[in-house]
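Participant: Have a look at this one before I ask anything.
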């Protein structure tokens, strides 16, 4: 996979991961702010897009800072699998969003935990889509065949 295809796969993974991870908060914003649309729709629509925007930023940041170096390491060591990508995605997504949320909302630890759960969902979904779009075919080519295992 060349650099351009890898960047495209990363963009798709980050977009879909953010969409999966932030769809519930975005729907909550729609329900909460639906009555305010009639008075001034501009700020309300911006507030409705805020969860997706922050989720997309977190997914891109996590993929660049953690995902791509982990991919290189998994590839070098021959340990590429769906689980090898998704488990760190969930953990790092929760930690990244949880730490940022706790630093902003220090007095509200329950809210920080809720946001960390959405970070875990975003990180896990982004890692899943990275595996599907960029790594699965390549890892399956390098995986040992069943005949080699049982010989």
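Residue numbers (this note's numbering): 2 to 152. C-beta atoms are modelled at their ideal positions from N, C-alpha and C, and glycine is treated no differently.
What's the gap between the Cα of residue 139 and the Cα of residue 72?
Facilitator: In a straight line, the C-alpha of residue 139 is about 12 Å away from that of residue 72.
Participant: Once the 5 residues before and after residue 11 are set aside, which same chain residues still bring their CB inside 6 Å of it?
Facilitator: Cβ within range, chain order: 64.
Participant: Under three-state DSSP, which class holds residue 63?
Facilitator: Helix at residue 63.
Participant: Considering only the beta carbon of each residue, do residue 94 and residue 125 sit closer than 8 Å?
Facilitator: Yes, these two residues count as a Cβ contact at 8 Å.
Participant: Please confirm if the segment 54 to 61 is in contact with the segment 13 to 25, defined as three or more CB-CB distances below 8 Å between the two stretches.
Facilitator: In short, these stretches touch, since the Cβ pair count reaches three.
Participant: Between residue 30 and residue 48, is the Cβ-Cβ spacing less than 8 Å?
Facilitator: A contact, by the Cβ cut-off of 8 Å.
Participant: Out of 90, 59, 43 and 8, point me to the one whose CA is closest to residue 98's CA.
Facilitator: Nearest option by C-alpha distance: 59.
Participant: Ignore the nearest five residues each way along the sequence and tell me which others in residue 150's own chain have a CB closer than 8 Å to its CB.
Facilitator: Because the pLDDT of residue 150 is 48, which lies under 50, any placement of that residue in the model is unreliable, and the number read from its coordinates should be weighed accordingly. Answer for residue 150: no residue qualifies.
Participant: In terms of alpha-carbon separation, which member of 106, 85 and 67 lies closest to residue 1?
Facilitator: The requested residue 1 does not occur in the structure, where the chain is confined to residues 2 to 152.
Participant: Does the separation of the CB atoms of residue 135 and residue 117 fall below 8 Å?
Facilitator: For residue 135 and residue 117, no; Cβs fall outside 8 Å.
Participant: Could you tell me which of 34, 119 and 133 sits nearest to residue 25, measuring between CA atoms?
Facilitator: Out of 34, 119 and 133, 119 has the C-alpha closest to the C-alpha of residue 25.
Participant: Could you tell me the alpha carbon to alpha carbon distance between residue 89 and residue 3, rounded to whole angstroms?
Facilitator: For residue 89 and residue 3, the distance between alpha carbons rounds to 24 Å.
Participant: Looking at residue 121: is its Cβ nearer than 8 Å to the Cβ of residue 87?
Facilitator: Not closer than 8 Å, so no.
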